[in-house]
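J.: Per the working numbering, the sequence shown runs over residues 20 to 295.
If you scroll down you'll find the structure; I have some questions about it.
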Amino acid sequence: PVREMVKRGWVKESADAAVLEARVFRFYGGIKTVSEERRFAYSARRTGGGTTLPPVQEAWLYRVKQIAEGIASGRYDERALRAALDRLSALRSAPEEARHVPKLLAKCGVRFVVVEPMPASKIDGACFWLSENKPVIGLSLRVDRIDIFWFVLRHEIEHVLRRDGGVIVDAELYDAARVPEERPEEVAASRAAADFSAPAAELDLFLARVGPAMTDDRVVAFAERLGVHPGLVVGQLQWRLQRSTLLRKYLVRVRDIVIAEAVTDGYGSQLLEAVK
């Protein structure tokens, strides 16, 4: 998607096709031909699914990598990240608390990057490793809702904790969460993300108790008992019941809150100079 890459300032424009091609090749790590295999990142544990990414997703992924390579971060500490889950849990109660996520992850040695998605890419997030002790979480925030932000974030954190690799790219994750997933790493990550939003066992009991009499007050009281914003509960209820219009007023926006503190490319900002 060269035109979009130029428009976003990722690659410097040139009227000379050969010059532009050379710049695009440098963007992709110095490849020599379009068909050349791209060796993207270190494999933390095993090779990923091996599927070829659509060009718009691959371009987004490389932009995340470019930015992540320029972020100063300490050595990754798995124990610190596991301990940080409790602190992250405490942030779920109010939209504005999402601003603390980038710093909290950075303290654990996790590089957190937000890049606006390419048109029609449908990408939500990604997890990969620059080296053995340099994990990266990239989010697109393409769907600006509190429930999806926390679901995708926790999903990618689980990939880091499991050292799933080499490159995990998650597209349409919100919709895919309803569908049985064959890959064990995705099953584990989605289960962890769903339980982080509203534990499955608690949600089962709530649905059994409330049934069709699901009022605003009951959902809010349930969320308060869990210590989460009502939007997280509503998101899980929508998935369970396949009712996309259920209590949508609680699905508040958090994108501006997150990008105010996160390393962000797009949504009105540009971090790096164009490849020349």
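Backbone N, C-alpha and C fix where the C-beta goes; we use that ideal spot for every residue, glycine too.
Please read these numbers as outputs of a predicted model, since none were measured by experiment.
Closest to Ala242 by C-alpha separation, out of Asp143, Arg111, Pro203 and Gly230, would be which residue?
T.: Position 223 of the sequence shown, counting from 1, holds the residue named residue 242. Looking at the Cα atoms, Arg111 is the closest of the given residues.
J.: If I'm right that Val186 touches Phe44 with Cβ under 8 Å, what's the distance once you round it to whole angstroms?
T.: Numbered from its first residue, the sequence shown carries residue 186 at position 167. Numbered from its first residue, the sequence shown carries residue 44 at position 25. Not confirmed; about 20 Å, so no contact.
J.: Can you pull the DSSP bridge partners for Cys146?
T.: Residue mapping note: residue 146 aligns to position 127 of the sequence shown, counting from 1. Cys146 is bridged to Ile156 and Ile187.
J.: Tell whether a beta-carbon distance below 8 Å holds between Leu180 and Ala217.
T.: Taking the sequence shown and counting its residues from 1, one reaches residue 180 at position 161. Taking the sequence shown and counting its residues from 1, one reaches residue 217 at position 198. No, the pair does not count as a contact, with Cβ atoms beyond the cut-off.
J.: Report the three-state DSSP secondary structure of Asp35 (helix, strand or coil).
T.: Stepping through the sequence shown from its first residue, residue 35 is reached at position 16. Coil, per DSSP.
J.: Straight-line CA distance for Ile50 to Pro249?
T.: Working through the sequence shown from its first residue, we reach residue 50 at position 31. Working through the sequence shown from its first residue, we reach residue 249 at position 230. Their backbone Cα atoms lie some 48 Å apart in a straight line.
J.: Would Leu270 pass as a contact of Ile176 if the rule is Cβ separation under 8 Å?
T.: Against the sequence shown, residue 270 aligns to sequence position 251. Against the sequence shown, residue 176 aligns to sequence position 157. No, the Cβ-Cβ distance between Leu270 and Ile176 is not below 8 Å.
J.: Between Leu265 and Leu256, which are expected to be in contact by the criterion C-beta below 8 Å, what is the C-beta distance as a whole number of angstroms?
T.: Sequence index remark: in the sequence shown, residue 265 carries index 246 (1-based). Sequence index remark: in the sequence shown, residue 256 carries index 237 (1-based). Yes, they are in contact, since the Cβ atoms of Leu265 and Leu256 sit about 6 Å apart, within 8 Å.
J.: For Pro203, which option in Arg182, Lys122, Leu104 and Gly48 has the closest C-alpha, if you only look at C-alpha atoms?
T.: For the purposes of this step, residue 203 is taken as residue 184 along the sequence shown, with counting starting at 1. The option with the nearest alpha carbon to Pro203 is Arg182.
J.: Can you tell me which of the three DSSP states Val239 falls into?
T.: Translated into the one-based positions of the sequence shown, residue 239 becomes position 220. Val239 falls in the helix class under three-state DSSP.
J.: Taking the alpha-carbon of Pro136 as reference, which of Val129, Arg130, Gly128 and Ala145 has the nearest alpha-carbon?
T.: Numbered from its first residue, the sequence shown carries residue 136 at position 117. The option with the nearest alpha carbon to Pro136 is Ala145.
J.: Alpha carbons only, please: which of Leu158, Asn152, Glu151 and Asp236 is nearest the one belonging to Ser140?
T.: Here the question's residue 140 lines up with position 121 in the sequence shown. That would be Leu158, whose Cα lies nearest to the Cα of Ser140.
J.: Output yes or no for whether 8 Å exceeds the beta carbon distance between Gln289 and Gly28.
T.: Locating residue 289 in the sequence shown gives position 270, counting from the first residue. Locating residue 28 in the sequence shown gives position 9, counting from the first residue. The answer is yes: Cβ separation under 8 Å.
J.: Report all residues from its chain with a CB closer than 6 Å to the CB of Tyr95; omit the five preceding and five following residues, and keep chain order.
T.: Taking the first residue of the sequence shown as position 1, residue 95 is located at position 76. Result list for Tyr95: Gly128, Asn152 and Pro154, in chain order.
J.: So, helix, strand or coil for Ser288, using DSSP?
T.: Position 269 of the sequence shown, counting from 1, holds the residue named residue 288. Of the three classes helix, strand and coil, the one that applies to Ser288 here is strand, per DSSP.
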